[in-house]
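Residue numbers (the working numbering): 7 to 203. From the three backbone atoms N, C-alpha and C, an ideal C-beta is built for every residue, glycine too. Working notes, beginning with the structure itself.
Spelled out as structure tokens, the structure:
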């Protein structure tokens, strides 16, 4: 089997593990515990963009546009596996530290608390850090120009639409506590502050 084939398989397995992590913690999401929901048409576009550009298009272009593939040395692919595994660990830890506070949509639950411990002590948006690590891994594990462009479009949708909505929601709910948390903690990349405000 060619290196590109095994690397793409590893990436797909990694994404399946990510989905399993998400589904396991989504069982905590009880709609009866929701105090304020911030669902909007923009949220629909965010989920549609992630689904289309993050899953459908990369798969189609990988399978049916082989002439857009590019060569990646095996050593780089090994680094891609490291980035992928690191992303999965960050993804799992961010869900674990949120516990019952986790929600796949923008909502505040009854007795909602601002989580600032665990991985959230170092970064405000660790799930998006995990997704950034997945994108870096994708560069070398699924080396197809069209697939990569599509994945980065999905990342852009998350960055420019979802993160800013989350920050606004948390500022409304927690006020000065969240402002202080923003001053003390970095947005996406630990120790590189004020990338996300």
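Check, Outcome
"Residue from 196, 28, 179, 136 whose Cα sits closest to the Cα of residue 116", "179"
"Endpoints, the beta strand (DSSP E) within which residue 114 is located", "113 to 115"
"Cβ contact (3+ pairs, closer than 8 Å) linking the region 184 to 194 and the region 75 to 93", "no"
"Given 8 Å, three or more beta-carbon pairs between the region 96 to 113 and the region 131 to 140", "yes"
"Neighbourhood of residue 59 by C-beta, 6 Å cutoff - its chain only, sequence neighbours within 5 removed", "156, 159, 160"
"Collapsed DSSP secondary structure at residue 78 in the structure displayed", "coil"
"Presumed contact (8 Å Cβ cut-off) between residue 112 and residue 24, rounded CB distance", "So it is not a contact: roughly 20 Å between Cβ atoms."
"Test item: CB-CB of residue 196 and residue 88 under 8 Å", "no"
"C-alpha gap between residue 75 and residue 163, whole angstroms", "24 Å"
"Rounded straight-line distance, which links the Cα of residue 177 to that of residue 167", "16 Å"
"Whole-angstrom C-beta distance between residue 147 and residue 121, which should lie under 8 Å", "Residue 121 to residue 147, Cβ: 31 Å. No contact."
"Close Cβ partners of residue 172 (< 8 Å) along its chain, the five nearest in sequence each way excluded", "112, 131"
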